[in-house]
Structure formats: structure tokens, C-alpha cells
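Engineer: Input: one structure, supplied below.
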Amino acid sequence: MSVNPVPTLSDLARQQSTRREFLIRSSILGALAPLSLSACSDETGERAERKTSTPGGAPPQVGPATAVPNANSSLDTGGHANLHQSTAGAAGQAKNLAFRRYNPELPPVSQERNLKLQFTAQEVPLKVADDVTISAWTFDGDIPGPVVHVRQGDTVEFTLVNHGSLPHSMDFHAAQIDPKIAFRSANPGQPVSFTFRAKFPGVYMYHCGTSPVLMHIGSGMVGAIVVDPPAPLPAAKEFVLVQSEYYLGAAVGGVLPFDYTKMLATLPDYVVFNGRPGQYMGAPISVKVGDRVRFYVVNAGPTHPCNFHVVCEQFDTVYLGSPPAMPIRGVQTFAVAPGGGLIFEMLADVPGEFVFVNHGFGHGQKGAIGILSVQA
Amino acid sequence: MSVNPVPTLSDLARQQSTRREFLIRSSILGALAPLSLSACSDETGERAERKTSTPGGAPPQVGPATAVPNANSSLDTGGHANLHQSTAGAAGQAKNLAFRRYNPELPPVSQERNLKLQFTAQEVPLKVADDVTISAWTFDGDIPGPVVHVRQGDTVEFTLVNHGSLPHSMDFHAAQIDPKIAFRSANPGQPVSFTFRAKFPGVYMYHCGTSPVLMHIGSGMVGAIVVDPPAPLPAAKEFVLVQSEYYLGAAVGGVLPFDYTKMLATLPDYVVFNGRPGQYMGAPISVKVGDRVRFYVVNAGPTHPCNFHVVCEQFDTVYLGSPPAMPIRGVQTFAVAPGGGLIFEMLADVPGEFVFVNHGFGHGQKGAIGILSVQA
Amino acid sequence: MSVNPVPTLSDLARQQSTRREFLIRSSILGALAPLSLSACSDETGERAERKTSTPGGAPPQVGPATAVPNANSSLDTGGHANLHQSTAGAAGQAKNLAFRRYNPELPPVSQERNLKLQFTAQEVPLKVADDVTISAWTFDGDIPGPVVHVRQGDTVEFTLVNHGSLPHSMDFHAAQIDPKIAFRSANPGQPVSFTFRAKFPGVYMYHCGTSPVLMHIGSGMVGAIVVDPPAPLPAAKEFVLVQSEYYLGAAVGGVLPFDYTKMLATLPDYVVFNGRPGQYMGAPISVKVGDRVRFYVVNAGPTHPCNFHVVCEQFDTVYLGSPPAMPIRGVQTFAVAPGGGLIFEMLADVPGEFVFVNHGFGHGQKGAIGILSVQA
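Residue numbers (the working numbering), protein chains in the order written: chain H, 1 to 376; chain R, 1001 to 1376; chain A, 2001 to 2376.
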């Protein structure tokens, strides 16, 4: 949970060509003033290439949201948008990035009942598939950020240090605290700190709450915090899956920037568990026959439900609220709302390769798929 | 709950210019025969302006629903479409309208165990933000209509008087009654009456059920009825939030008409609580530290879930069915289905400004946001 | 559950003209390589006609999913796409097809505790409305396939015989079995067999799991299996409703093929219960006053929730998991996730014509509507 060694986007941005800088700035300004994008419609180069690759020659889809003036940003959680500079692209160094699998295992619960925790906000290129590198906004350099694991009643003393070039902040869904103070944005180079007690057991989303929240969540500043109940749940192999949607623009220097206009159009390019499309297909999550398996599923959204399903299995337990109360039994698929988290349990009593998916296939099959390998 | 004094759209419509009448009629006919809109593609004026404002010069998005003949209206609930006249616009008087905050407080429960209730159907311009006036179809001149608050077992003798220029009707989700009779449409100038008993506690949607229902719900004819259980729930500050999506066309005389084709394309321009985007940001909902807060959340839709969430708080109680049975505890976010209603409770034990949102940000951040101010 | 006597698409395909063959092949290849469709943008004929019929002259909507290379198929459940031939169209014989209502009544529970069950995979034209014939991919020639009704603990020995021209397979959500073996694809002319025990009571989806799953589910290879608990639920009139979304391309020989690109764009042309838009409007589901009515609702998707609602009624029981545990009471509308199934019960104590709908009207009103007639 310290500073990630990869070059930050702010490092890379200094080396951009004028042409690329223009495109990047256009893209990010689009987040605040989508109408200004129309000025780009006659552009050539990357943008033109992208248009040509659309079936039927159709121009990129644009949501009706832009047809009527709508000060989205002023309505947003933060209320104080300060997107003063672009970071939505990166250059040559991206080639040297390695793909890393995100470890889905729930880390052990903190031994500290008063946990000191520090994250950094970083804007970095992230290789999420062999041929896909994105310009990620992150906690600690990854999507999702580190999994936090505490016990009900624990105190978390949290500090975010902003190593990015934009204001960022932290919103823990497990906290009960005045957000106006605690979840305020840290300017670049600055820290923000607050303390909270984890009141309810469950799995909760965390995310950057800086305006526009849609952009900060949609660009990767999300993660999960698991809060154990006082009496442990039944022994199980425990995994954390955070679903995110990726809405990407044309590559700049081999790196795909997030695209706010596409976020508003709500048709994602990828839907992923733990940041990478289909990463657990080739490198499955592995358990043994007889294991109880517990998935902590957070849906970071920003928009679509995660209709969680394991092929050829049923969940014997789904907790809609804090465990262990009110479990529902015998569930094939249940939707985790964007901004929500649910706990799914099954008994791995049959060996085999069980595919887990978001069964809303129009979106889900764009990467929200993996294998749970149950070994004899 | 009497006739609203603002000019009705039917009043205003008489003063429309020929040019505007043409556009209005085109727009409303589009609801029944979307293909006819193609005749407008070479039009100039308002429609042309709107096309120009779309990024990339793309024409307005059109849902595939229109690519295949589909007699939507004949499949609709009412089954007897009678959209004989346009009201989807309004003129100069709109300038004089004032913005009014919708009071979110649950009104006291009716003292009558046999409540006589009369609403009017009205087509009126409604100022929902300083710079946004819409041509609303309403109950009693507002979106949502008046909140009804009764007790389980109460009888409601309901009359709708149609002051509009189109047929309208009333569908209470809390009623158990033959809809073919009770929820029949009233022609302009006519009343319709029926009586029902509120059988189940909970919060229920009501709406106009006249065909096409999508148009009548989407244009604002929605509201909430709260049915208390016989034994009162724990004392709380109680609020009603009705989420609606707004799909708007180009302004006519300063007033934005609802757009049926955009409703089918399902990308709203605004998503609002109680009819106004972000109205509780500047004028928060206010409670005191130690108060229990109960939100009765109805999702009028017409299409997207309301993923209800309070920033920096958790609900200690969510009722998925009639209260007080089967509460779930420790919930960060839960989706209210379109056409549904759920009750969310939290203890306001921390002072601060807690933002409540639809956490499905691709749609939700277009106005479904407000502040719960918890004062020390 | 034997071979359906209507001509299969593979029969019909032999009689296609060269021109049509080209279009069909383009369409199906689009499922695997959407970008190749751009080659068709200058085509005339059927494709051109379709473009012209779009309001405003807009080109067909294309999801952003195609703007960035995304090997959807390789991420899909099956992982071994083998779409070697097109069947997405049909010719003249389609004219002779008759419309048949799908019987929504739950068939009696199997008397066999060890049920031998055989389905065929068939690609056939299916008349789903007087003026709408689609090129369906089916189990046993219909959408949905046959309803299976067993008891908890029953064994099902299942065989799928592939009478189609593409690989197909079977994925029962009620099974617990290694999917890599059991749910493998059968090549044309071949069978695949497996055996499973129904472990949890409830209503479960079944579907073809061959890659791309989105295409196989979206083209109609879906159905329901009901698993009774050991102790019977309260006596009731029982019905099965399977919701599907239809995404259709331009007619070829009077038959509408499914369109994978539109599936990815997630704006359906029709949303239907039991395969036909609005089939229970003219021919209602009929019960008597005093009957308990139980709906087993499966949402086959592929994408949108089914926000199930009966106008003017409330469900006194909804089972979120296996019945009879944890019923929720007093529900107006509840969302069935795509890939999920829920059981809804109500007491038909009032005579009348009660419309049941998907209350997410932007999608739902495109056919997901019917009448429950409660007769005195």
C-alpha cells in the first residue's frame, strides 16, 4: 500500500506531443462540457481512425444527456469540480508495463483493532490485458485498490496522499462520519485524513468521491472493505470480486483513456472483475472439493447491476444485509446494485471448472467472467 | 389537492404559432408512429439546432425499437390509445413561473378511516430548475403528485377529474380492484371514481395508466401512497422521495416537451427526486442528531433502478416487503425497481451533511442527489 | 419433446439465393468480428432498406463495445466458438407457419424420481405474432423450450440431440455438475448427455451455453425448470413466465434474424413473456375468484431486469430463495435478475382483468404484458 513504482501519468504527460495534448485535453474537457467535443468532429488522426472502425461508418454514439444543457458536475457529490488539467493519456513507457493478475484472495483480518491505513491516489497507465493498457486513476496504482479487512467495531485511521495531478478523495461506504469533512478532496501533493469505526458487518465499496464522481469511479478509483462480524462466519475459502465498467476512448501513445461521454451513454467496452477482463479464465481461482467458498462481491459500477452467477452451482447462502442475519438459500443469480456489495456462499462439493459470470450478458460478457476451479 | 392556478397547456396551446404547432404535433405523433419522424429530418429551426449541438455531428440516437415495426401502444396497459391532440409544449407564460421546492416530508396519516380524495389531471408547464421548464403531465399540477398517507385497512374513495386535453387515469399500486373498471381513462372534462381498501402496509407508487403508459409515467403523472401498519413503526423523521427520469426534446417557447422516442432509447436527460434535479442540494432535508430517519422511496422509472444510498451512512433497516416483517440490516445501497417502493431507515447519530444519491451514477448523477443535513 | 415438424433453418438455408447467403453470413460473422460489418456499409438491398426506416436517417446504433478491440467470444462461457455456418435467416416456407400460443400452465410434477429427458436443438422459423416471424434457435422448436417440473432430490438424465447446423449445448441452472464436461457443445447431428440431481427448490433458468452465450440465449435457447420442495407449497394455480428480449435485424425472406450487434447495444425490439409479444392480452391466463395464483418467473435476459408487477394486485408472497423459506409479503414489484428466477404469489380474491407487466416500461412495454383474468 505504498507508492507504486510505475511512472505516473503526470510524469508521462510532460512528454506528450502538442497534437496528443490537444486530444487529451479535449477528452477531459468533454467531461465537463460535452458539447465542446463537436469541435473535434473534423479532426483526423486517432479520432478519425476510431470513427472508421465503427460498423456501418456510424459516428460514436452520444447519449441524449448531451442534447439538453445539464450541469452534471454541479449536481455531483463533491460539488466543487476542479479538473484543472488533463491526465487522460500516457505515452511510450506504457510499452514496458507488465500484466499482473489481481490476487482475489481475501487478505487476513487486521490484527489491529485500531488500524492505521495509508493509500496514495495515483494516475498511472495500467496493463489490464495483453493488448489493453488504460490510463487508470487509482488507489495505490491498481484497479481495484487494496482490499481492506477489519472486524466490526474496529477503528480505521485513514490517510490518502494525493500523488496525482487532480484533486482526489476517499469515500468508504463502511464509514459513518460527516462526509463534508472526511471525504473532502486532497489537492495534488496534499494528504487528507479521517477516522471511522466499522459499525456494520458486510462488504462495502470504497471510491473516490471527488466531482464528477462518475468520472472518478469510472476511471478506476474503487475498491472493497470487508467487515467481519464478531462471531466468525463458517470457515471458507474467501475471495473478493469488484466489478467495474470501462468506457474507453481512442488510444493515445498506446494507452486508452477513460471517456466521460461514453460513461454517460452507459454502453461499456469492458466489464471486469478486479480490473482485468477475463483474468481468471487462464489463471482460475482454485479451491478443493469440500471447501466452502465465499465471494465478497462489490459492484463499483458506475451504472449496471452485477447479476452474479456461478455456472452449474447454486449459492446456499446470500446475505442481503449484514451477516449472519437473514440469509437466503438456493439462489442461482442475484443482482448486486451499483454502489453495493453482497456476500455469496456455496459448497464446492463437485470437482470441475465452474465459470462465474455477470449473467446480464449484454454487458457482462465483455469480460466479467472467470473460472472457479474445484480440484479433487 | 385542488386545481392548480397556473395556466394549463391546453390554455397555452391555443396561442401557439403554426410552426410550433407542427413541431409539437410531430413530437407527440412520434409516440405512436416513430417512423413518421423521419419526415422531420430535413427540418430547420429548433430541431436543426438540436442536431447541431450533438457532439461529432451525430444525429440524435434512435433506439433499435423503431427499426422493426412494433405496435407498442396496442400492447400497452390501457390498450385504448386516444392521443388525439398535442400538449407537448407551452409558450410565453412559462417565463412567469416560479420554482418551488417539493416538500419531502411525509404528511400526517389521514384521520379518516374512510378517506375521500380528489385529484385533477393537469397538463402544465413546470419550472423544475432555474433554467429548466418542462411541459408536465401531472396530478394536481406537480411532479410528483400529492403524497397520500393512510393506514392499513383504510378505505379510499378516489375521484380523478380530468382538466387536461388528453385522456388520463389513475393506477394505485396499493389497490386491489378490477383495473379494467377502476383504472379506466377519463376523457377531458370528465371524472372517474373508484374505491379501494389499502390491504398491505408499505410505500406504493401511483401513476396514470392510460396508454401509452410509458408516455404518461414518463411525462410526470406519478406519485406515492404510504400505508402505515396497524402498530406504528419506531418514531422517526419521515420523508418521501419519488425518483423519475426525464427525457426531453427541444424547447418550444422556452418549455421542454417530453420525448417518447428518447424514453424508448432509455438515456434520460435528468434523473430526479421529487421532480427537480438536485433540489435538496441547496435546500437540504434537515433532521437533528439522534433522529431516526425513514425514507419512503418510490421509483417511478419509467426504466432504470434507483440504487438508493446515503453517503457515509448505512441503513440499519430496509423493508423489502410490508413492514415490520423481514427487515434487512446493515445496507449501503439497495435497488428499488421501477414501479416499486422500499422503506429505508437509518439512525442519524453523527452530525454532518450526508449526500443521498442514486449510486448508479451513469444515470443517477443527472440530478438524483440531495443532502440530508444532520444538525447537532 | 421430440423433433418439431416445421422445416429447420438448415433445410431452408439450402434454398437461399446467393445474395441472401451473403447477407446472412455477414450477419452471423458479425457476432464474432463486429468490425467486419463495416464492409457492408455500402451495401444496398435489405440492409439499405433498414437504414432508411430509421427515424431521422440515423445509421443503426452501434455500441461502444465495437469501438475498441474486444475478443468477446474468447471470454465467453464456452470458450470454444465454432460458429462455422449461418442459419440466421429463412425463406418462403415461413409463410405457412401458424401462430401458436405458448401454454403458460405449469405441467404436473414428474412422477419419475429418475427422469429421462431428451431435447433437440433446432434452428427454425417461429411465428411469434401475426406479422412477426423470427429465425429462432430453440430447444424442441419453441421459445422458451419445454417447462421441466421435478421435485427436490430428483435425478434428471438429460440428452440433447443437435438437429441444428451450429454447435449447441445445455446449461441447467438447477444442476451441480462440472460444466466443462456436462455443458460441452454437441456438434450438428451429435448428442450430448449428462445427469444431475435437483438440489435446491425454486425456479431455474436453462439455456444453451455455447459461445457466444449472448447470441445463443438472445436467439431463443432458453427455458425454465421448476423444482418443488419436499412439502408441497399451498395449493395454487401455477404458471410459468419466461421473459426474453428480442434484438432483430432486417427481414430475409419474411423472417427476422437475431442481430448480435443490437444485443450488445442493449435496446431490444421486443421484450416478451413466453416468446410472443403480448400473447396473453387477447388470450388471457384465466383463474377463478378465490384461487391462489403462483407465477414462476424466469428472466432469460440476456440483459435487462424483469420488474414483475400485476396491475391492481400485490403479491402476498415472494420467495427470493428456495421456498418456503424467507417469504417477503406485500410486494408491488420486484426485479428478477437476468439469469435468475423468482416465485410470486397472490390471492385472486377480486374478479377482473389484471394486467401483468414488466414495469420497467422503456423496455417492458415492448411486449412484456398480458392479462390475468380472474373470473367470478
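Note that CB positions come from ideal geometry on N, CA and C, so glycine has one too.
Pull up the CB-CB distance for Leu-1115/R and Val-1150/R, whole angstroms please, since I reckon it's below 8 angstroms.
Structural biologist: Right, the Cβ-Cβ distance comes to about 6 angstroms (below 8 angstroms), so this counts as a contact.
Engineer: Could you name the residues of the same chain whose beta carbon sits closer than 7 angstroms to that of Pro-2338/A, not counting the 5 residues immediately before and after it, in chain order?
Structural biologist: Within the same chain, Pro-2338/A has close Cβ partners Asn-2299, Gly-2301, Pro-2302, Thr-2303, His-2304 and Pro-2305.
Engineer: Sort out for me which residues DSSP pairs Thr-1159/R with in a bridge.
Structural biologist: According to DSSP, Thr-1159/R bridges with Gln-1118/R and Ser-1193/R.
Engineer: Using 9 angstroms as the limit for Cβ to Cβ distance, is Tyr-204/H near chain R?
Structural biologist: Closer than 9 angstroms to some Cβ of chain R, the Cβ of Tyr-204/H qualifies, so yes.
Engineer: For Ala-2376/A, I'd like the list of residues in its chain whose CB is within less than 7 angstroms of its CB, leaving aside the five on either flank, ordered along the chain.
Structural biologist: Only Val-2289 and Pro-2351 meet the Cβ criterion.
Engineer: For a test of the three-state rule: what should DSSP assign to Lys-1279/R, helix, strand or coil?
Structural biologist: Sequence check: residue 1279/R is Gln here, not Lys. Helix at Gln-1279/R.
Engineer: Out of curiosity, what's the CA-to-CA distance linking Pro-1167/R and Trp-1137/R?
Structural biologist: About 11 angstroms.
Engineer: Measure from the alpha carbon of Ser-110/H to the alpha carbon of each residue in Ile-371/H, Thr-155/H and Gly-141/H, then state which is nearest.
Structural biologist: Checked all of Ile-371/H, Thr-155/H and Gly-141/H; the closest Cα to Ser-110/H is Thr-155/H.
Engineer: Hey, how far is the Cα of Ser-1965/A from the Cα of Pro-230/H?
Structural biologist: An answer regarding residue 1965/A cannot be provided, because it is not within the stretch 2001 to 2376 covered by chain A.
Engineer: For Arg-2276/A, count neighbouring Cβ atoms within 10 angstroms of its own Cβ and tell me buried if that reaches 16, exposed if not.
Structural biologist: The residue in question, Arg-2276/A, is buried, as its Cβ has 16 or more Cβ neighbours within 10 Å.
Engineer: Taking the continuous beta strand (DSSP E) assigned at Thr-133/H, which residues delimit it?
Structural biologist: Unbroken beta strand (DSSP E) run through Thr-133/H: 132-139.
Engineer: Inspect the beta-carbon positions of His-2207/A and Asp-2178/A and report whether they are closer than 9 angstroms.
Structural biologist: No, the Cβ-Cβ distance between His-2207/A and Asp-2178/A is not below 9 angstroms.
Engineer: Is there a Cβ from chain A that is less than 9 angstroms from the Cβ of Met-1170/R?
Structural biologist: For Met-1170/R, the answer is no, since every Cβ of chain A falls outside 9 angstroms of its Cβ.
Engineer: Can you give me the C-alpha to C-alpha distance between Phe-1119/R and Leu-1160/R, rounded to a whole angstrom?
Structural biologist: Answer to the nearest angstrom: the Cα atoms are 5 angstroms apart.
Engineer: Just the Cα atoms here: how many angstroms apart are Arg-1329/R and Arg-2113/A?
Structural biologist: If you take the alpha carbons of Arg-1329/R and Arg-2113/A, they lie about 40 angstroms apart.
Engineer: Per the DSSP calculation, Lys-1288/R is bridged to which residue(s)?
Structural biologist: Partner(s): Gln-1375/R.
Engineer: With a threshold of 16 other CB atoms inside 10 Å of the CB of Ile-2371/A, please say whether the residue is buried or exposed.
Structural biologist: Classification of Ile-2371/A: buried, given that the 10 Å Cβ count is 16 or more.
Engineer: Please give the ranges of any alpha helix (DSSP H) in the region 2169-2241 of chain A, keeping only runs that are unbroken, at least 4 residues long and fully inside the region.
Structural biologist: 2179-2182 and 2213-2218, all fully within the region 2169-2241 of chain A.
Engineer: Under the rule that 16 or more other beta-carbon atoms within 10 Å means buried, what is Ser-2286/A, buried or exposed?
Structural biologist: Flag for Ser-2286/A reads exposed.
Engineer: Report yes or no: do the region 2321-2336 of chain A and the region 2264-2273 of chain A share at least 3 C-beta pairs separated by less than 8 angstroms?
Structural biologist: These segments do not touch.
Engineer: Could you list which residues in chain R have their beta carbon closer than 8 angstroms to that of Pro-338/H, in chain order?
Structural biologist: Neighbours of Pro-338/H on chain R, chain order: Asn-1307, Thr-1333, His-1359, Gly-1360 and Phe-1361.
Engineer: Consider the Cβ of Asp-2228/A: report whether some Cβ of chain H lies at a distance smaller than 9 angstroms.
Structural biologist: Not an interface residue.
Engineer: Between which two residues does the alpha helix (DSSP H) harbouring Phe-1361/R extend?
Structural biologist: Start and end: 1361-1364.
Engineer: What are the residues in the region 174-185 of chain H lying within 8 angstroms of chain R by C-beta distance?
Structural biologist: Those would be Ala-174, Ala-175, Gln-176, Ile-177, Asp-178, Pro-179, Lys-180, Ile-181, Ala-182 and Phe-183, in chain order.
Engineer: Would you report the Cα separation of Asp-1291/R and Val-293/H, rounded to the nearest angstrom?
Structural biologist: Whole-angstrom Cα-Cα distance: 40 angstroms.
Engineer: Using beta carbons (cut-off 9 angstroms, strictly below), is Met-1215/R in contact with chain D?
Structural biologist: The displayed structure is made up of protein chains H, R and A, and chain D is not among them.
Engineer: On a CA-only basis, which of Glu-1345/R, Val-1336/R, Gln-1279/R and Glu-1353/R is nearest Val-1311/R? Give me that one, please.
Structural biologist: Closest by alpha carbon: Glu-1353/R.
Engineer: Listing by chain order, which chain R residues have their CB less than 7 angstroms from the CB of Lys-366/H?
Structural biologist: Within chain R, no residue comes near Lys-366/H; the closest Cβ sits about 15 angstroms away, beyond 7 angstroms.
Engineer: Counting only Cβ-Cβ distances shorter than 9 angstroms, please list the residues of the region 2316-2331 of chain A near chain H, keeping chain order.
Structural biologist: Here the close residues are Tyr-2319, Leu-2320, Gly-2321, Ser-2322, Pro-2323, Ala-2325 and Met-2326.
Engineer: Rounded to the nearest angstrom, what separates Gly-209/H and Asp-1316/R at their Cα positions?
Structural biologist: Roughly 23 angstroms separates the two Cα atoms.
Engineer: Pop quiz: Ala-388/H and Ala-1335/R are said to be a contact at Cβ under 8 angstroms. What is the actual Cβ separation, rounded to whole angstroms?
Structural biologist: Outside the displayed span of chain H (1 to 376) sits residue 388/H, for which this structure offers no information.
Engineer: Using a Cβ cut-off of 9 angstroms (strictly closer), state whether Phe-2160/A contacts chain H.
Structural biologist: Reading off the sequence shown, one finds Leu at residue 2160/A, where the question assumed Phe. Output row for Leu-2160/A: interface = no.
Engineer: Using a Cβ-Cβ distance under 9 angstroms, would Gln-2118/A count as near chain R?
Structural biologist: With 9 angstroms as the cut-off, Gln-2118/A does not count as an interface residue toward chain R.
Engineer: Sort out for me which residues DSSP pairs Gln-152/H with in a bridge.
Structural biologist: For Gln-152/H, which the question treats as bridged, DSSP gives no partner whatsoever.
Engineer: Using the Cβ count rule (16 or more neighbours within 10 Å means buried), how would you classify Gln-190/H?
Structural biologist: With fewer than 16 Cβ atoms within 10 Å of its Cβ, Gln-190/H is classed as exposed.
Engineer: Please report whether the beta-carbon of Gln-375/H lies at a distance below 9 angstroms from any beta-carbon of chain A.
Structural biologist: Not an interface residue.
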